[in-house]
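Engineer: The numbers in this note's numbering rise by one with no breaks, and the one at position 33 of the sequence shown is 40.
For each residue, glycine too, the CB sits at the ideal point set by N, CA and C.
Got a structure for you, questions after.
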Amino acid sequence: MVSADESSGRIHGVVVGRVTNTKDPDGLGRVKLMLPWLDPNLETGWARVATPMAGGERGLFLPPEVDDEVLVMFEHGDITAPYVIGSVWNGKAKPPAANDDGKNDLRVLKSRSGHTFTLDDTEGKEKVILSDKTGRNLLLIDSAANSMSLQVEQELKIQARGAISLESQGNMTLKSGGALSVECAHFSLEARQGVALRSNAGEVAVKGARVTVNDGALEVM
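Structure follows, in structure tokens:
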């Protein structure tokens, strides 16, 4: 509900606006607005944007885009002191996910280019997905299967200044469609039972300044 005090020029309540400028010269996350119901040719001054959390170099930074439809209020009704209190979808700008069954299973955060963070609460298929705009580079946490997978289209790098530890209580598999190269200062391979080294094609070469085989017989076939 909106009420206007004609004698003071104040407007109380919530009104609709359209974002026209997001380049705040002071870096405060403010925007300028057009208020079509008031004057389609009039642009407001800089409007502060409300967010669930804001503080010194911290908070939730989700600024609206130019042409976004937003809800606006004015400080003490002063039309020269607007605040953006939220954004709304409309017939042209629709939500990034559907809720046709009314179950509210999806929570989605999607950027302008298409980077997406999805929380899926579908019963029996619960999952968390972090995906880039292509949909081909993603992290999937599958709660229903108690599994996690990382998929990349090209190169994957894992770097650490300290140690990297990989541990599995089940089997572990390394598989490459090309060459597999291991380079280090010292290499140690230990198995509690047996070690099998096989080449289906070509030779197996073991080279070193000194090669020692001990603790048992050596059989060459």
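Hey, residue 129 and residue 149: beta-carbon distance below 8 Å or not?
Structural biologist: no
Engineer: What number of angstroms, rounded off, separates the C-alpha of residue 53 from the C-alpha of residue 120?
Structural biologist: 26 Å
Engineer: In the structure shown, what three-state DSSP assignment does residue 193 receive?
Structural biologist: coil
Engineer: Consult DSSP for residue 122 and reduce its assignment to one of helix, strand or coil.
Structural biologist: Reduced to three states, the DSSP call for residue 122 is coil.
Engineer: Grab the span of the beta strand (DSSP E) containing residue 89 for me, first residue to last.
Structural biologist: 89-94
Engineer: Please list the terminal residues of the continuous beta strand (DSSP E) segment that includes residue 83.
Structural biologist: No beta strand (DSSP E) holds residue 83; DSSP gives it neither H nor E.
Engineer: When you compare the CB positions of residue 18 and residue 86, do they come within less than 8 Å of one another, or not?
Structural biologist: yes
Engineer: Write down the C-beta distance between residue 51 and residue 69 rounded to the nearest angstrom, noting that I regard them as a contact closer than 8 Å.
Structural biologist: In this structure, residue 51 and residue 69 do not form a Cβ contact; the two beta carbons are roughly 20 Å apart against a cut-off of 8 Å.
Engineer: Starting from residue 149, follow its DSSP beta bridges and name the residues at the other end.
Structural biologist: 134 and 154
Engineer: Which residues mark the beginning and the end of the beta strand (DSSP E) in which residue 168 is found?
Structural biologist: Residue 168 -> no beta strand (DSSP E), and no H or E assigned at all.
Engineer: Could you give the DSSP three-state label for residue 45: helix, strand or coil?
Structural biologist: coil
Engineer: If you draw a straight line from the alpha carbon of residue 210 to that of residue 175, how long is it in whole angstroms?
Structural biologist: 31 Å
Engineer: Roughly how many angstroms separate the alpha carbons of residue 76 and residue 142, rounded to a whole number?
Structural biologist: 28 Å
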